[in-house]
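Engineer: Residue numbers (our numbering): 18 to 753.
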């Protein structure tokens with residue numbers, strides 16, 4: 018192979034480096050010269066071994082051995098300088114060849130057993146160890162590293178972290194890593210996955226600043242993604258400050274994550290919200306406000322998050338409720354666009370709304386409140402249990418895969434009916450359950466804004482209460498039971514999340530898997546006299562949102578260490594968790610797409626033009642990477658300036674100015690009014706305007722009603738001051 022080398026001096030000049038022409042000498046560092054001048058990885062390696070600086074750094078014996086291509090690796094173990102990063106090459110060679118184990122054992126280097134045991138060694142404790150034999154043959158050209166080798170490279174990160182500032186970290190140590198990183202043309206996030214964050218940070222902050230050459234993902238090196246989507250989960254979690262709800266496993270995830278305190282859905286109902294954040298487009302772009310259309314047919318052929326990962330080499334998998342089933346996902350969960358193989362739905366899902374709830378009369382009913390003995394229900398299991406089991410099975414399968422994976426797991430609870438293992442009721446005695454702090458319909462609330470919770474009224478146990486429509490209150494005792502069952506469902510959900518994350522730990526995947534956790538929208542538990550979602554209030558639109566990024570939001574787990582050991586919610590000590598990092602800025606679920614793309618090392622999709630119906634891949638949300646303080650994030654004006662200026666948009670359709678039977682979920686043809694809502698750190702402002710469903714067009718000159726709530730003085734949004742002349746003109750410049 019011919020070298021492509023640009024010399025800075027005459028070939029015959031004595032003492033010059035063959036690669037770059039720099040003068041020789043022990044004080045000259047062999048880093049960064051010719052990195053941009055040599056064609057590829059093998060050329061770079063060969064040139065380094067031929068150059069004068071290479072001979073001085075490695076010693077003449079190594080250069081002679083390399084040049085003659087004759088070597089005895091067992092003899093070379095104690096030759097050369099004490100270079101902390103030599104073990105990267107050593108382990109590559111060991112893993113590829115499977116030899117030299119006996120030599121290490123003879124040298125008493127703490128090596129015992131098969132080659133894989135090398136991965137447990139701290140190589141910075143082996144100051145005499147150095148190996149460079151035929152480097153271009155040791156590195157597995159253009160093929161992904163195995164998971165064991167990735168694990169051993171991560172051990173370098175642990176070693177460097179423990180030896181920062183010591184003599185073991187030499188100036189020329191970086192060059193070996195630069196060779197490795199340059200050879201694979203990897204991005205920062207890919208390097209972080211292969212070598213660990215401290216290695217990459219050390220490279221990036223070293224003298225002259227190493228530039229990572231890649232712009233995307235390396236095959237086989239990209240971070241996996243586990244996306245957990247929960248149905249109807251408001252931020253009633255310990256990590257969000259709820260002192261009643263027991264959610265130790267989600268709290269544990271939060272303690273290792275960046276948690277967003279003020280994240281909002283774009284529409285508080287299942288299908289429109291999920292299509293919105295899975296495509297990165299707002300409901301006015303997807304044109305899905307109900308459950309009765311498929312965006313690729315009725316709006317535009319918009320790419321989804323899993324589709325984008327699939328097109329970039331990921332194996333994409335769906336378990337449970339990710340897309341809303343039915344017309345809105347083409348009765349296929351958007352297959353084959355989004356998924357590598359057909360999505361999984363639990364077989365017991367079909368019993369969710371049937372008569373499986375045993376009432377006080379001993380008979381089975383289709384109730385709202387449905388604590389069950391799992392052994393007695395059809396199939397002897399529940400959907401979320403089956404989803405966890407299937408997700409773990411897929412993780413076990415993907416552990417040995419050379420391809421990265423994107424696994425989305427959708428949990429049903431706490432969606433109604435509240436069908437959960439009855440033992441979770443014990444966590445919430447009724448005498449400990451309080452009512453909503455504002456259980457009355459607020460004075461000044463426009464009728465169009467009210468959610469009459471019709472789907473709740475359809476349940477047999479609620480029908481028996483004979484509650485008047487639309488405002489008739491639920492009896493206080495039954496309100497407590499609803500809240501009890503919601504919280505019990507959350508704790509049941511928490512155990513399933515706990516089993517899933519514990520399995521991720523057991524499979525040694527927490528070091529290379531991003532975890533994102535969120536919900537499609539919130540759920541009112543009696544606030545404003547409302548139950549369910551279907552509104553623009555915070556209780557309906559605010560959701561939990563957190564991201565775990567290995568090595569960045571939390572230190573990488575050490576050998577034998579578990580980040581996510583299962584936490585028993587019935588154990589009173591399981592709730593003691595560190596808080597993690599909380600972000601107060603307002604963010605939107607529509608930002609999930611660009612954020613996951615960026616965190617995974619993929620190119621962040623461009624911003625959408627206006628209009629964007631003809632553009633398949635773009636995003637209307639903003640990347641949230643800056644909040645996670647990662648290095649390759651795209652600078653985004655969304656985060657510049659005063660964080661108090663951050664804004665979250667939501668909307669909800671209505672069929673009429675007054676509550677009626679279809680106010681909660683109007684079909685597109687029945688939508689006459691659209692409520693557009695703006696949430697800032699200071700206030701929530703909503704304007705209800707005329708809407709033409711045939712043209713998908715809002716008429717902002719046709720204002721039916723408005724709402725304005727100031728957060729500082731009215732955090733529960735109970736006092737509408739929209740018609741107060743003192744404030745009436747304040748937010749009008751912020752209309753969408």
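Each residue gets a CB set at the ideal place from its N, CA and C atoms; glycine is no exception.
What is the DSSP secondary structure of residue 306, reduced to helix, strand or coil?
Structural biologist: Start at 1 with the first residue of the chain shown, and residue 306 comes out as number 289. Coil, per DSSP.
Engineer: For a test of the three-state rule: what should DSSP assign to residue 329, helix, strand or coil?
Structural biologist: Here residue 329 refers to the residue found at position 312 when the chain shown is read from its first residue. Looking at residue 329 - three-state DSSP - the assignment turns out to be coil, as it is neither helix nor strand.
Engineer: Can you grab the Cα-Cα spacing for the pair residue 287 / residue 363, in whole Å?
Structural biologist: Along the chain shown, read from residue 1 onward, the residue named residue 287 stands at position 270. Along the chain shown, read from residue 1 onward, the residue named residue 363 stands at position 346. Answer to the nearest angstrom: the Cα atoms are 18 Å apart.
Engineer: For residue 314, does the count of other Cβ atoms within 10 angstroms reach 16, so buried, or fall short, so exposed?
Structural biologist: Here residue 314 is taken as the residue at index 297 of the chain shown, counted from 1. Exposed.
Engineer: Looking at residue 411: is its Cβ nearer than 8 Å to the Cβ of residue 533?
Structural biologist: Sequence index remark: in the chain shown, residue 411 carries index 394 (1-based). Sequence index remark: in the chain shown, residue 533 carries index 516 (1-based). No, these two residues do not count as a Cβ contact at 8 Å.
Engineer: Quick one: Cα of residue 391 to Cα of residue 398, how far?
Structural biologist: Residue numbering aside, residue 391 sits at position 374 when the chain shown is read from its first letter. Residue numbering aside, residue 398 sits at position 381 when the chain shown is read from its first letter. Straight-line Cα distance between these residues: approximately 6 Å.
Engineer: Mapping the DSSP letters down to three states, classify residue 388 as helix, strand or coil.
Structural biologist: Here residue 388 is taken as the residue at index 371 of the chain shown, counted from 1. Three-state DSSP puts residue 388 in a strand.
Engineer: Name the two residues that bound the continuous beta strand (DSSP E) containing residue 714.
Structural biologist: Along the chain shown, read from residue 1 onward, the residue named residue 714 stands at position 697. Where residue 714 is concerned, the enclosing beta strand (DSSP E) stretches over 714 to 727.
Engineer: Return the bridge partner residues of residue 371 from the DSSP annotation.
Structural biologist: Reading the chain shown from its first residue, position 354 is the one you call residue 371. DSSP output for residue 371 lists no bridge partner at all.
Engineer: Rounding to the nearest angstrom, what Cα-Cα distance links residue 7 and residue 373 in this structure?
Structural biologist: Because the chain spans 18 through 753 in this model, residue 7 falls outside it and cannot be assessed.
Engineer: Between which two residues does the alpha helix (DSSP H) containing residue 504 stretch?
Structural biologist: Your numbering for residue 504 matches position 487 in the chain shown. 493 to 523 is the span of the alpha helix (DSSP H), which, as asked, contains residue 504.
Engineer: Rank 705, 297, 669 and 597 by C-alpha distance to the C-alpha of residue 644 and give the top, closest one.
Structural biologist: Locating residue 644 in the chain shown gives position 627, counting from the first residue. The candidate whose alpha carbon is nearest that of residue 644 is 597.
Engineer: Here's the rule I'm using: 16 or more other beta-carbon atoms within 10 Å means buried, otherwise exposed. How should residue 377 be labelled?
Structural biologist: Stepping through the chain shown from its first residue, residue 377 is reached at position 360. Residue 377 should be labelled exposed.
Engineer: Can you tell me the Cα-Cα spacing of residue 586 and residue 445, whole angstroms?
Structural biologist: By 1-based counting over the chain shown, the position of residue 586 is 569. By 1-based counting over the chain shown, the position of residue 445 is 428. Computed Cα separation, rounded: 12 Å.
Engineer: Should residue 719 and residue 272 be called a contact, given that it needs their Cβ atoms to be closer than 8 Å?
Structural biologist: The sequence position of residue 719 within the chain shown is 702, counting from 1. The sequence position of residue 272 within the chain shown is 255, counting from 1. No. Outside cutoff.
Engineer: Quick one: measure Cβ to Cβ for residue 562 and residue 698, integer angstroms, because I've assumed they're closer than 8 Å.
Structural biologist: Numbered from 1 along the chain shown, position 545 holds the residue referred to as residue 562. Numbered from 1 along the chain shown, position 681 holds the residue referred to as residue 698. Residue 562 to residue 698, Cβ: 16 Å. No contact.
Engineer: What residue range is occupied by the uninterrupted alpha helix (DSSP H) comprising residue 291?
Structural biologist: Looking up residue 291 in the chain shown gives position 274. Here the alpha helix (DSSP H) through residue 291 covers 287 to 296.
Engineer: What did DSSP end up calling residue 72 once you bin it into helix, strand or coil?
Structural biologist: Here residue 72 corresponds to residue number 55 of the chain shown, with the count starting at 1. With a pLDDT of 36 at residue 72, under the threshold of 50, the modelled position of that residue is not reliable, and no figure is offered here.
Engineer: Rounded to whole angstroms, how far is the Cβ of residue 684 from the Cβ of residue 309, which I believe are closer than 8 Å?
Structural biologist: Counting from 1 along the chain shown, the entry for residue 684 is found at position 667. Counting from 1 along the chain shown, the entry for residue 309 is found at position 292. Confirmed, about 6 Å.
Engineer: Taking residue 297 as the reference, give the member of 738, 432, 635 and 741 with the closest Cα.
Structural biologist: Mapped onto the chain shown, residue 297 falls at position 280. The shortest Cα separation from residue 297 among 738, 432, 635 and 741 belongs to 635.
Engineer: What residue ranges within the region 533 to 599 form continuous alpha helix (DSSP H) runs of no fewer than 4 residues, ordered along the chain?
Structural biologist: Fully enclosed alpha helix (DSSP H) runs of 4 or longer: 555 to 558.
Engineer: CB residue 280 to CB residue 335, shorter than 8 Å?
Structural biologist: Counted from its first residue, the chain shown places residue 280 at position 263. Counted from its first residue, the chain shown places residue 335 at position 318. Against a cut-off of 8 Å, the Cβ pair of residue 335 and residue 280 comes out as no contact.
Engineer: Assuming residue 439 and residue 507 make a contact with CB atoms under 8 Å, what is their CB distance in whole Å?
Structural biologist: In the chain shown, counting from the first residue as 1, residue 439 sits at position 422. In the chain shown, counting from the first residue as 1, residue 507 sits at position 490. In fact, because the Cβ distance is near 15 Å, the residues do not count as touching under 8 Å.
Engineer: Among all the DSSP beta bridges, which residues are the ones paired with residue 445?
Structural biologist: In the chain shown, the residue the question calls residue 445 occupies position 428. Per DSSP, none; premise fails for residue 445.
Engineer: What's the C-alpha gap between residue 240 and residue 329?
Structural biologist: The count along the chain shown starts at 1 and reaches residue 240 at position 223. The count along the chain shown starts at 1 and reaches residue 329 at position 312. Each residue's alpha carbon lies about 12 Å from the other.
Engineer: Once you ignore the five residues that flank residue 278 on each side, which residues in its own chain have a CB closer than 6 Å to its CB?
Structural biologist: By 1-based counting over the chain shown, the position of residue 278 is 261. Within the same chain, residue 278 has close Cβ partners 599 and 601.
Engineer: Mind checking whether residue 668 and residue 692 have CB atoms under 8 Å apart?
Structural biologist: Working through the chain shown from its first residue, we reach residue 668 at position 651. Working through the chain shown from its first residue, we reach residue 692 at position 675. Going by C-beta atoms, residue 668 is nearer than 8 Å to residue 692.
Engineer: Helix, strand or coil, according to DSSP, for residue 457 in the structure here?
Structural biologist: Taking the first residue of the chain shown as 1, we reach residue 457 at position 440. Residue state, collapsed to three classes: coil.
Engineer: With DSSP run on the structure shown, which of helix, strand or coil describes residue 350?
Structural biologist: As a first step, residue 350 must be located in the chain shown, where it is residue number 333. In the structure shown, residue 350 sits in coil (DSSP, three-state: anything other than H, G, I, E or B).
Engineer: Please report how far the alpha carbon of residue 275 lies from the alpha carbon of residue 733, in whole angstroms.
Structural biologist: Here residue 275 corresponds to residue number 258 of the chain shown, with the count starting at 1. Here residue 733 corresponds to residue number 716 of the chain shown, with the count starting at 1. The alpha-carbon atoms of residue 275 and residue 733 are separated by roughly 25 Å.
Engineer: Is residue 727 closer than 8 Å to residue 700 when the C-beta atoms are compared?
Structural biologist: The sequence position of residue 700 within the chain shown is 683, counting from 1. The sequence position of residue 727 within the chain shown is 710, counting from 1. Contact: yes.
Engineer: Please go through the same chain and pick out, in chain order, the residues whose beta-carbon is closer than 8 Å to the beta-carbon of residue 560, but skip the five residues on each side of it.
Structural biologist: Within the chain shown, residue 560 is the residue found at index 543, counting from 1. Hits under 8 Å: 250, 251, 252, 280, 281, 282, 535, 536, 537, 538, 539 and 606.
Engineer: Run the CB neighbour count on residue 432, radius 10 Å, all protein chains shown included, and call it buried at 16 or more, exposed below.
Structural biologist: Here residue 432 refers to the residue found at position 415 when the chain shown is read from its first residue. So residue 432 ends up on the buried side.
Engineer: To the nearest angstrom, how far is it from the Cα of residue 356 to the Cα of residue 332?
Structural biologist: Your numbering for residue 356 matches position 339 in the chain shown. Your numbering for residue 332 matches position 315 in the chain shown. Each residue's alpha carbon lies about 8 Å from the other.
Engineer: Where do the ends of the alpha helix (DSSP H) carrying residue 314 lie?
Structural biologist: Here residue 314 is taken as the residue at index 297 of the chain shown, counted from 1. From DSSP, the alpha helix (DSSP H) with residue 314 extends over 312 to 315.
Engineer: Around the C-beta of residue 623, are 16 or more other C-beta atoms found within 10 angstroms, so that it is buried, or is it exposed?
Structural biologist: Position 606 of the chain shown, counted from the first residue, corresponds to residue 623. So residue 623 ends up on the exposed side.
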